[in-house]
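Undergrad:
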Amino acid sequence: MALWGNNDNISSVGTVSLNYATRVVTGAGTSFGIDGEGAAEGDVIRFGIRGQGGTYFGDAVIASIASSTSVTIASTMGLSGAAIASTSFSASQLPKSSVLDSKYSEAGYGTADSLVYGVNQAGGLLGSNPAYYGMSEGWVGVTTYVDGEGNLRVKKETLVAMSGITTAPVDFAYPTDEA
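Heads up: the sequence shown runs through residues 593 to 771, numbered per my numbering.
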């Protein structure tokens, strides 16, 4: 199992629910691991949507796949603890280390202003705000905040510099002027 891959939007079809006690994710309309399509063991599953009024619950690493509608996650440490039922999701090959990094973890950081993105050459501009320009190709952590004078500030941190990120994530448009 690689520490990261090059696809930032493997699957996002259907909805999921999580049983925290068993760490089993049950999907409706999902296609986990079917014929090489959809999420696979070692991929990261993001519960909910950040920004645009969505609810984000956090990220977890998929430990095993039982069927096209059932996976088990390795840990719930990167999740908020709130009930996850019939919510949207996305699967990604983002760096697994970012799941338990308190800066990017919903459980540890608890705010909707830090997230990891896969940035390809064509998608190097996030939104229309010039503050997001100039992101390097690869896996990038983006943190936004408003300073004491009301100005939007953006911190871009390259986690893995690489070429070949194949798709933009479902929530790629998140940081556009939301802060």
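Every residue, glycine too, gets a C-beta built ideally from N, C-alpha and C.
None of the values given here were measured: they were computed from a predicted structure.
Would Ala675 be called buried (16 or more neighbouring beta carbons within 10 Å of its own) or exposed?
TA: Translated into the one-based positions of the sequence shown, residue 675 becomes position 83. Result: exposed.
Undergrad: Using a Cβ-Cβ cut-off of 7 Å (strictly less than) and excluding sequence neighbours within five positions of Val605, which residues of its own chain qualify?
TA: As a working note, residue 605 is residue 13 in the sequence shown. So the qualifying residues of the chain are Gly621, Thr622, Ser623.
Undergrad: Along the chain, where does the beta strand (DSSP E) that runs through Asn599 open and close?
TA: As a working note, residue 599 is residue 7 in the sequence shown. Taken as a continuous stretch (DSSP letters only), Asn599 belongs to no beta strand (DSSP E), as it is neither H nor E.
Undergrad: Identify, in the order they occur along the chain, each residue of the same chain with its Cβ nearer than 6 Å to the Cβ of Tyr612, setting aside the five sequence neighbours on each side.
TA: If you number the sequence shown from 1, residue 612 lands on position 20. For Tyr612, where only same-chain residues beyond five positions count, the Cβ hits under 6 Å are Thr668.
Undergrad: Going by DSSP, what residues sit across from Ala620 in a beta bridge?
TA: The count along the sequence shown starts at 1 and reaches residue 620 at position 28. DSSP lists Thr607 as partners of Ala620.
Undergrad: Assuming Thr618 contacts Thr661 (C-beta within less than 8 Å), just tell me the rounded distance between them.
TA: Sequence index remark: in the sequence shown, residue 618 carries index 26 (1-based). Sequence index remark: in the sequence shown, residue 661 carries index 69 (1-based). Thr618 to Thr661, Cβ: 6 Å. Contact.
Undergrad: Between which two residues does the beta strand (DSSP E) containing Val691 stretch?
TA: Here residue 691 refers to the residue found at position 99 of the sequence shown. Per DSSP, Val691 belongs to no beta strand (DSSP E) and is neither H nor E.
Undergrad: Closer than 6 Å by C-beta to Leu610: which residues in its own chain qualify, once you throw out the five before and the five after it? Chain order, please.
TA: The sequence position of residue 610 within the sequence shown is 18, counting from 1. Closer than 6 Å at Cβ, skipping near neighbours: Val617, Ile676.
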